[in-house]
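**Student:** Protein chains in written order, with this note's numbering: chain A, 1 to 346; chain B, 347 to 692.
Quick one: structure below, then a few questions.
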């Protein structure tokens with residue numbers, strides 16, 4: 001039994017590694033699956049989810065086992081997330097596991113989805129032994145944007161700032177290129193390539209004419225481009241770079257953060273990056289919906305110029321939103337402070 | 347010869363370790379000295395400087411050799427700084443080395459002092475073989491505040507800020523306790539215990555009533571207390587905490603940073619910590635005399651409230667003072683960014 005538990009734990013670790021091959025962005029969670037032989041000594045198949053519209057991890061793992069010529073009857077499926085129970089872009093995984101003769105399922109965390117959840121119950125009702133909780137923390141961390149969106153009903157919001165040591169995003173004359181250095185800017189592009197959407201105000205779009213694309217150091221576009229969300233009532237000029245190559249352009253003619261988030265949730269946006277300007281940061285902070293802050297800080301002092309965040313109604317220190325520092329990264333001469341929720345919520 | 351060089355290098359490393367036992371604050375540099383037997387295989391004596399008014403490292407090392415019963419004739423003195431050549435609070439070390447029969451001196455870096463320097467020349471004139479440059483970078487790093495004061499004619503200035511992620515030092519209602527957490531505040535006290543003076547404006551003194559002492563976590567005063575410098579014309583109330591236990595209180599009734607630095611240089615202040623408020627930070631920045639920044643950043647956002655630094659005449663990004671990030675430290679949920687000179691100057 002100890003050996004079997006160790007084998008299942010190894011398989012879950014492998015399943016998590018497989019899951020990480022999937023994309024961090026997109027509507028679906030990253031999931032990995034390993035099919036173990038009935039005696040748990042042999043891996044029959046492996047699979048992971050490559051993104052919306054492609055097979056779920058369980059289906060991929062069963063297909064891999066079949067391709068390898070293995071019989072999966074009486075086998076154990078070790079999967080990082082509870083198998084789904086609904087027909088979405090693909091069929092329900094619970095049924096596919098039953099059809100393949102799987103008799104044991106070990107999953108790391110339950111699926112909180114109202115429509116996708118319930119797979120464990122369906123499997124149990126059909127006589128499959130189902131256990132949950134193996135490496136649950138790692139599995140939750142891997143899908144926390146998606147999990148957050150399903151449990152709170154809105155995207156995971158990361159506020160990005162890039163400031164001097166005294167909190168300025170530009171000098172008094174409006175110049176801001178460059179406060180941070182090339183390594184920090186390159187890092188910001190890797191973050192863009194991992195989110196579903198980036199939001200700025202029309203004010204920022206008109207003032208800075210940003211492209212809001214995820215680019216490599218050589219300027220080429222990354223394979224995945226986030227939706228470019230512009231919030232506000234003003235029109236963008238026909239020649240704006242936002243009309244150029246990159247992700248879909250979504251102009252939301254509102255100042256209501258709740259409406260913005262509802263629209264993005266309906267579009268299955270999971271991670272959202274709020275890039276500015278100061279008024280948009282303030283609106284998200286005022287709504288209490290900033291889950292994480294990415295603060296790039298450059299060793300520069302300006303003394304004046306616009307601040308990263310406009311006033312949002314906090315007048316005393318005890319009322320200020322506070323996060324927990326999750327990580328710091330040196331990026332050349334700049335420092336990235338990643339600050340996340342103070343609670344355990346992901 | 348290779349063996350001898352290795353022995354001298356070992357002795358210099360030891361001398362640097364001894365030097366580090368001395369205080370980081372105070373008018374004199376930290377110096378260590380090792381007396382090697384003529385064949386370099388034996389250490390005859392060791393010493394280090396314990397601070398102004400106590401014997402220099404060479405004198406301490408010679409005394410140690412004597413106490414151990416060793417004859418120092420024909421011996422080599424390995425010392426982290428060129429032996430001094432003047433009678434200050436103590437007699438000239440060059441003469442003491444000659445009197446002790448030392449025939450070789452190896453020092454790491456020359457003494458840039460107009461009065462204290464020249465020891466190497468005096469020793470050579472008396473027939474001693476003198477070499478310089480062994481572990482020079484380490485030796486310079488060890489005394490860089492002192493070296494800076496002697497070569498530039500003013501103290502080494504560290505500007506300290508403690509801000510939110512958006513650069514605020516207090517909320518709109520003036521509350522600032524606490525933006526940073528206990529670990530960051532404890533760290534700031536260890537820095538105070540290593541500097542010669544702390545400067546604030548009368549405005550900060552009147553608004554915050556700070557003690558400006560170096561305290562341990564239990565509130566007890568550190569052994570060394572920096573001079574408490576208050577800059578500005580207004581009087582302090584009789585009951586101000588600045589009149590309480592702590593370092594000397596020095597009220598400089600001026601707004602001229604050059605005059606402040608000249609007064610502190612005349613008092614042999616080497617490291618000076620500028621703690622605020624925003625106007626004092628701005629004055630030092632405008633004068634171009636901020637050598638280093640200690641920026642404590644807390645994962646909090648306020649959106650309004652006073653900034654760490656008042657305007658100081660920089661209106662465009664290219665004109666902003668910029669440093670090199672020397673180190674970052676996680677202090678609980680806060681991050682300390684230490685930013686130093688962009689050049690090699692220490």
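Where is the CB? At the ideal position from N, CA and C, for every residue including glycine.
Would residue 1 of chain A be called buried (16 or more neighbouring beta carbons within 10 Å of its own) or exposed?
**Tutor:** No answer about residue 1 of chain A holds up, because its pLDDT of 48 lies below 50 and its placement is not dependable.
**Student:** Between the beta-carbon of residue 510 of chain B and the beta-carbon of residue 653 of chain B, is there less than 7 angstroms?
**Tutor:** no
**Student:** Nearest to residue 58 of chain A by CA position, among A:162, A:105 and A:212, is which residue?
**Tutor:** A:105
**Student:** On the criterion of 16 or more Cβ atoms from any shown chain inside 10 Å, does residue 680 of chain B qualify as buried, or is it exposed?
**Tutor:** Residue 680 of chain B counts as buried, since at least 16 other C-beta atoms from the protein chains shown sit within 10 angstroms of its C-beta.
**Student:** Tell me which residues of the stretch 42-56 of chain A have at least one Cβ-Cβ distance to chain B shorter than 9 angstroms, keeping chain order.
**Tutor:** Residues: none.
**Student:** Give every residue of the same chain whose Cβ lies closer than 6 angstroms to the Cβ of residue 447 of chain B, excluding the five residues on either side of it in the sequence, and list them in chain order.
**Tutor:** Excluding positions up to five away in sequence, the list reads 418 and 419.
**Student:** How close, in whole Å, do the beta carbons of residue 33 of chain A and residue 63 of chain A come, if the pair is a contact with beta carbons under 8 angstroms?
**Tutor:** The pair is not a contact, with the Cβ atoms about 11 angstroms apart (cut-off 8 angstroms).
**Student:** By the three-class DSSP mapping on this structure, what secondary structure does residue 524 of chain B have?
**Tutor:** coil
**Student:** So residue 657 of chain B is in the alpha helix (DSSP H); what residue range does that whole segment cover?
**Tutor:** First-last for residue 657 of chain B: undefined, no H or E at that position.
**Student:** Which runs of the beta strand (DSSP E) fall wholly inside the stretch 288-327 of chain A and span at least 3 residues, in chain order?
**Tutor:** 292-298
**Student:** With C-beta atoms as the reference, is residue 572 of chain B less than 7 angstroms away from residue 542 of chain B?
**Tutor:** yes
**Student:** Which of the residues in the stretch 645-666 of chain B, read from start to end, lie with their CB under 9 angstroms from any CB of chain A?
**Tutor:** Flagged, chain order: 645, 646, 647, 648, 649, 650, 651, 653, 654, 655, 656, 657, 658, 659, 660, 661, 662, 663, 664, 665 and 666.
**Student:** Rounded to whole angstroms, what is the Cα-Cα separation between residue 126 of chain A and residue 119 of chain A?
**Tutor:** Each residue's Cα considered, the two are about 11 angstroms apart.
**Student:** Beta carbons nearer than 9 angstroms to chain B: which residues of the stretch 265-285 of chain A have them?
**Tutor:** Residues passing the 9 angstroms Cβ filter: 278, 281, 282 and 285.
**Student:** Entirely within the stretch 553-597 of chain B and at least 3 residues each: give me those beta strand (DSSP E) ranges in chain order.
**Tutor:** 573-577
**Student:** Is the Cβ of residue 679 of chain B closer than 7 angstroms to any Cβ of chain A?
**Tutor:** At a cut-off of 7 angstroms between C-beta atoms, residue 679 of chain B counts as an interface residue with respect to chain A.
**Student:** Buried or exposed: residue 691 of chain B, going by 16 or more other Cβ atoms within 10 Å of its Cβ?
**Tutor:** Low per-residue confidence applies at residue 691 of chain B: pLDDT is 48, beneath 50, and the placement is therefore not dependable enough to give any value.
**Student:** So, using beta-carbon positions, are residue 351 of chain A and residue 204 of chain A closer together than 7 angstroms?
**Tutor:** Residue coverage of chain A in this structure runs from 1 to 346, which leaves residue 351 of chain A outside it and unanswerable.
**Student:** Between the stretch 500-516 of chain B and chain A, which residues of the former have a C-beta closer than 9 angstroms to a C-beta of the latter?
**Tutor:** Within the stretch 500-516 of chain B, contact with chain A at the beta-carbon level (separation under 9 angstroms) is assigned to 505, 507, 509, 510, 511, 512, 513, 514 and 516.
**Student:** Hey, residue 194 of chain A and residue 24 of chain A are a contact pair by Cβ (cut 8 angstroms); roughly how many whole angstroms apart?
**Tutor:** 4 angstroms between Cβ atoms; contact.
**Student:** Quick one: list the residues of chain B neighbouring residue 186 of chain A, beta-carbon separation under 9 angstroms, in chain order.
**Tutor:** Going along chain B, no residue has its Cβ under 9 angstroms from residue 186 of chain A, so there is no contact; the nearest lies around 17 angstroms.
**Student:** What does residue 104 of chain A pair with, by DSSP beta-bridge criteria?
**Tutor:** Secondary-structure assignment with DSSP links residue 104 of chain A through a beta bridge to A:76 and A:129.
**Student:** Residues of the stretch 517-530 of chain B in Cβ contact with chain A at a cutoff of 8 angstroms, in chain order, please.
**Tutor:** Across the stretch 517-530 of chain B, CB contacts with chain A closer than 8 angstroms involve 517, 518, 519, 521, 522, 523, 524 and 525, in sequence order along the chain.
**Student:** Starting from residue 619 of chain B, follow the beta strand (DSSP E) in both directions and report where the run begins and ends.
**Tutor:** 617-622
**Student:** The alpha helix (DSSP H) that contains residue 606 of chain B, what's its start and end?
**Tutor:** 603-612
**Student:** Please list, in chain order, all residues of the same chain as residue 7 of chain A whose beta carbon is under 8 angstroms from its beta carbon, the five residues on each side excluded.
**Tutor:** 36, 40 and 41
**Student:** Kindly identify the DSSP beta-bridge partner or partners of residue 394 of chain B.
**Tutor:** B:378
**Student:** Just to confirm, are residue 427 of chain B and residue 458 of chain B a CB contact at a threshold of 7 angstroms?
**Tutor:** In this structure, residue 458 of chain B does not lie closer than 7 angstroms to residue 427 of chain B by Cβ.
**Student:** Could you tell me whether the Cβ of residue 347 of chain B comes closer than 7 angstroms to any Cβ of chain A?
**Tutor:** Confidence at residue 347 of chain B is low in this model, with a pLDDT of 48, below 50, so its placement is unreliable and the value that follows should be read with caution. Chain A, which has no Cβ nearer than 7 angstroms to the Cβ of residue 347 of chain B, makes this no.
**Student:** Check whether the Cβ atoms of residue 305 of chain A and residue 207 of chain A lie closer than 7 angstroms to each other.
**Tutor:** no
**Student:** To which residues of the same chain is residue 116 of chain A closer than 6 angstroms at the C-beta, ignoring the five residues directly before and after it?
**Tutor:** 84 and 86
**Student:** Sort out for me which residues DSSP pairs residue 301 of chain B with in a bridge.
**Tutor:** For residue 301 of chain B there is no data in the structure shown, the boundaries of chain B being 347 and 692.
**Student:** Along the alpha helix (DSSP H) that carries residue 151 of chain A, what are the first and last residues, could you check?
**Tutor:** 144-152
**Student:** Run through chain B and tell me which residues come within less than 8 angstroms of residue 199 of chain A, C-beta to C-beta.
**Tutor:** Simply none; closest approach about 17 angstroms.
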